[in-house]
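Have a look at the structure below before the remarks.
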Amino acid sequence: MPSLAIRVQNVKKVFRKRNGLLRRKIREEHALKGITLEVREGEAYGLLGPNGSGKSTLIRILSTLLLADGGDIEILGFRLPEHEREVRERVGRVSVDAAFYKKLSARENLLYTAFLYGFEKPDAERKALDILKRLGQDASRFDDPLEEMSRGMQQKVSIARALLVNPPLLLLDEPTTGLDPKSKQEVQRFIEDLRRREGTTILLTTHDMDEAERLCDRIGILTRGQLVAEGTSEELKSQAGADNLEAVFLKMVGESFEEAEKEVTVE
Amino acid sequence: MNASAIRQTWAFVYRDHQLTKRYWSWVVVFAFYALVNSASVTLIGVAAHDTRLTLTLTIGVLLWTFLSVLFNEIAMSIAYERWEGTLEYTFMAPASRFVHLFGVSLYAMLYSFFRVAVVLAGLFVFIDLSFRGANLFGILIVLLVSSLAFMGLGLIAATLPVFSPERGAEATNILQGVLLLVSGIYYPVSVLPKWIQPVSWLSPATYALSACRKLMGIETFVPGQPLHGAPLLAVMPDLLRLLIMGIVLIPVGLWIFGRVEHWAKKTGKLKRTG
Ligand SMILES: Nc1ncnc2c1ncn2[C@@H]1O[C@H](COP(=O)(O)OP(=O)(O)OP(=O)(O)O)[C@@H](O)[C@H]1O
Ligand SMILES: [Mg+2]
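Structure below.
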């Protein structure tokens with residue numbers, strides 16, 4: 053039996069928000085309502101779900117940036133939050149927003165990350181250039197400040213940052229959102245190539261159904277903090293009696309709509 | 445420290461150095477302002493034809509330049525990352541918070557020395573100064589030892605922007621203002637209103653300043669004669685107080701930082717917005 057890269061059991065997350073005139077009212081936002089999912093080593097798992105369904109929240113919990121309120125989490129055999137450090141050494145993350153020092157160049161931003169993970173300069177530079185080349189980005193822009201780059205270029209640098217340190221687990225939060233068709237292709241081809249070459253485990257969120265079908269072995273549909281369906285795209289289609297993934301998505305998301313969102317107001 | 449921890453420390457020094465280079469025009473503007481401000485304060489002593497006062501003001505501006513820049517750079521380090529939006533990526537890296545804050549403090553210290561050098565060079569242009577006879581080595585030791593306490597204070601202040609980026613930056617400035625007021629940088633603490641005076645005992649700058657004045661030889665100064673800086677041994681009580689403050693404040697700062705980080709991960713405050 054292959055071992056598990058991600059084991060998430062009954063994970064919950066609630067955000068408390070203050071609003072009202074005197075900010076006395078506290079609204080509870082149940083972002084994750086008991087998620088259970090497993091991703092095998094080497095597998096690519098796609099998380100689909102409407103805006104605000106909790107995808108990024110789950111990814112943040114897995115990247116040690118958020119503490120879950122309940123449940124069990126194990127990444128590559130390390131429990132969270134106890135083994136934060138071991139997990140941090142093994143996980144790369146790409147978020148929708150390219151979070152960089154905008155005035156610094158790609159080289160400087162990437163070197164900062166490489167040093168942070170304890171890598172040396174020549175190795176890091178070589179690796180970064182290699183990744184960018186495979187992503188279809190030419191090296192001439194390596195020394196340009198990030199703020200002068202287009203969104204697509206920034207996203208490629210963001211992918212290079214996540215991969216610089218050879219993480220066995222890659223968390224991709226909408227890596228192709230906002231990219232043109234060509235860049236999107238390049239990123240998708242790169243991800244396929246990476247899995248073939250390195251066997252990297254991937255957890256990917258996306259709003260692009262074709263991308264999920266193309267890249268993922270299994271797909272989970274998250275709605276209002278709950279996993280409402282899971283399986284290969286074929287399984288999901290036959291389960292929902294639909295002939296494409298978009299129809300599956302709309303059906304699953306629509307059904308869970310009846311469940312009213314719990315809002316607790318505390319005075 | 446192992447090789448990896450050294451490289452991680454270097455990551456922060458490297459990053460902050462690159463950022464300083466990219467924001468060089470601000471570096472020049474702030475250095476210019478610090479220089480002009482220091483010169484105008486010191487010239488008060490020159491105008492009064494009082495060398496003793498001039499020396500008191502000079503040591504005041506130099507020490508305050510050093511300590512305020514050090515405190516400010518550390519205190520603002522988290523706020524800068526929030527503005528840039530890189531905080532999550534720095535926090536999810538496998539560098540311990542100690543290494544992180546040590547790296548930030550190390551660069552802040554180098555930057556503070558740079559600022560002091562600029563101000564000092566500028567003062568020599570404006571004013572006929574001579575430090576002959578002063579215990580400059582002793583003053584350097586005081587700067588280094590007082591850095592510890594200011595790093596601790598900086599760490600505590602650095603957590604404030606985690607709660608609210610804007611409010612945190614505001615609070616940092618208020619705190620810096622209070623330190624300037626109570627530490628008697630340009631005047632003896634005894635001229636402050638009685639009820640404020642006890643607060644000055646809590647400020648490490650008070651002891652740093654008292655030690656530096658002795659090491660400069662201001663207290664024993666006779667007009668027309670060279671300075672007679674006190675030996676390091678004479679300021680041991682001040683140095684010891686500073687050392688104890690550092691030894692207490694750094695772990696306290698790290699502990700508070702850890703608690704705030706935990707709280708932020710519980711409530712989702714590390715996120716760029718909100
Ligand atoms: N740091 C936070 N503080 C407060 N509330 C949050 C925080 N992060 C997420 N939320 C709330 O939790 C819910 C889930 O958000 P999340 O970002 O996980 O959704 P998502 O599935 O990634 O959506 P999208 O497709 O728009 O990226 C939302 O209602 C959001 O407002
Ligand atoms: Mg999201």
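In order, the protein sequence lines correspond to chains A and B.
Just so we're aligned: the first sequence equals residues 53 to 319 in this note's numbering.
Just so we're aligned: the second sequence equals residues 445 to 718 in this note's numbering.
Don't be surprised by glycine CBs; every beta carbon is placed ideally from N, CA and C.
Residue interval of the alpha helix (DSSP H) (run including residue i)
i: Tyr97 of chain A; result: Note, Tyr97 of chain A: premise wrong, no alpha helix (DSSP H); beta strand (DSSP E) at Ala96 to Leu100.
i: Gly277 of chain A; result: Counting along the chain, Gly277 of chain A falls outside any alpha helix (DSSP H), and DSSP gives it neither H nor E.
i: Gly702 of chain B; result: Met680 to Thr711
i: His82 of chain A; result: That residue, His82 of chain A, is in no alpha helix (DSSP H); its beta strand (DSSP E) goes Lys77 to Arg92.
i: Gly123 of chain A; result: From DSSP, Gly123 of chain A is part of no alpha helix (DSSP H) but of the beta strand (DSSP E) over Gly122 to Ile127.
i: Arg526 of chain B; result: Thr495 to Glu528
i: Thr534 of chain B; result: Leu531 to Phe535
i: Ile585 of chain B; result: Leu580 to Ala602
i: Gly612 of chain B; result: Pro609 to Val626
i: Phe558 of chain B; result: Arg541 to Phe570
Residue i CB to nearest heavy atom of ligand 1 below 6 Å
i: Thr258 of chain A; result: no
Start-to-end residues for the beta strand (DSSP E) that takes in residue i
i: Phe67 of chain A; result: Leu56 to Asn71
i: Asp225 of chain A; result: Leu221 to Asp225
i: Val471 of chain B; result: Per DSSP, Val471 of chain B belongs to no beta strand (DSSP E); it is in the alpha helix (DSSP H), Trp468 to Ala491.
i: Thr284 of chain A; result: Neither: Thr284 of chain A is in no beta strand (DSSP E) and is coded neither H nor E.
i: Ile254 of chain A; result: Thr253 to Thr257
i: Val633 of chain B; result: No beta strand (DSSP E) contains Val633 of chain B, which DSSP labels as neither H nor E.
i: Gly130 of chain A; result: Reading off the sequence shown, one finds Phe at residue 130 of chain A, where the question assumed Gly. Note, Phe130 of chain A: beta strand (DSSP E), Phe130 to Leu132.
i: Arg145 of chain A; result: Val143 to Val146
Nearest to residue i (by Cα), restricted to the options the options
i: Leu588 of chain B; options: B:Arg611, B:Ala649 and B:Glu614; result: B:Ala649
i: Val209 of chain A; options: A:Glu286, A:Leu84 and A:Asp149; result: A:Asp149
i: Gln452 of chain B; options: A:Gly272, A:Lys179 and A:Tyr169; result: A:Tyr169
i: Asp572 of chain B; options: B:Leu714, B:Leu487 and B:Leu619; result: B:Leu487
i: Gln206 of chain A; options: A:Ser147, A:Glu244 and A:Ala176; result: A:Ser147
i: Gly621 of chain B; options: B:Ile694, B:Thr509 and B:Glu663; result: B:Thr509
i: Pro220 of chain A; options: A:Leu246, A:Glu238, A:Glu199 and A:Lys234; result: A:Leu246
i: Met520 of chain B; options: B:Ser644, B:Pro695 and B:Leu599; result: B:Leu599
i: Gly98 of chain A; options: A:Val305, A:Val143, A:Leu255 and A:Leu216; result: A:Leu255
i: Gly628 of chain B; options: B:Ala449, B:Lys465 and B:Val505; result: B:Val505
i: Glu81 of chain A; options: A:Val305, A:Arg276 and A:Ala294; result: A:Arg276
i: Ile183 of chain A; options: A:Arg241, A:Tyr164 and A:Gly230; result: A:Arg241
i: Met595 of chain B; options: B:Arg559, B:Ile450, B:Tyr630 and B:Gly547; result: B:Gly547
i: Trp702 of chain B; options: B:Glu663, B:Ile450 and B:Leu545; result: The question names Trp, yet the displayed sequence has Gly at residue 702 of chain B. Cα-wise, what sits closest to Gly702 of chain B is B:Leu545.
i: Thr253 of chain A; options: A:Cys268, A:Ser105, A:Lys69 and A:Ala83; result: A:Cys268
i: Leu117 of chain A; options: A:Glu95, A:Val143 and A:Met201; result: A:Val143
Contacts that residue i makes with chain B (C-beta to C-beta distance below 8 Å)
i: Lys154 of chain A; result: Glu528
i: Leu119 of chain A; result: His706, Lys709 and Lys710
i: Phe325 of chain A; result: This structure leaves residue 325 of chain A out entirely; chain A is present only between 53 and 319.
Residue i CB to nearest heavy atom of ligand 3 below 6 Å
i: Ser540 of chain B; result: Ligands present in the displayed structure are limited to ligand 1 and ligand 2, and ligand 3 is not among them.
Where residue i meets chain B, residues with beta-carbon distance less than 7 Å
i: Phe167 of chain A; result: Arg451, Gln452, Trp454, Ala455 and Tyr458
i: Glu160 of chain A; result: Gln462
i: Ala191 of chain A; result: By Cβ distance, chain B contributes nothing, its closest Cβ being about 19 Å from Ala191 of chain A, past 7 Å.
Where residue i meets chain A, residues with beta-carbon distance less than 7 Å
i: Met536 of chain B; result: Ser115, Thr116, Leu117, Arg140 and Arg145
i: Ser448 of chain B; result: Gly170
i: Ala539 of chain B; result: Leu168
i: Glu532 of chain B; result: Leu117 and Ala151
Closer than 9 Å at the beta carbon, the chain B residues around residue i
i: Leu163 of chain A; result: Ala455, Tyr458, Arg459 and Gln462
i: Arg276 of chain A; result: Within chain B, no residue comes near Arg276 of chain A; the closest Cβ sits about 17 Å away, beyond 9 Å.
i: Arg137 of chain A; result: Pro538 and Ser540
Chain-ordered neighbours of residue i on chain A, where CB pairs are closer than 9 Å
i: Leu714 of chain B; result: Arg112, Leu117 and Leu118
Proximal chain A residues relative to residue i, where beta-carbon distance stays under 8 Å
i: Tyr467 of chain B; result: Lys155
Could you please go through the chain and list the residues whose beta-carbon is closer than 6 Å to any non-hydrogen atom of ligand 1?
A:Phe67, A:Glu81, A:Ala83, A:Gly101, A:Asn103, A:Gly104, A:Ser105, A:Gly106, A:Lys107, A:Ser108, A:Thr109, B:Gly712, B:Lys715 and B:Gly718
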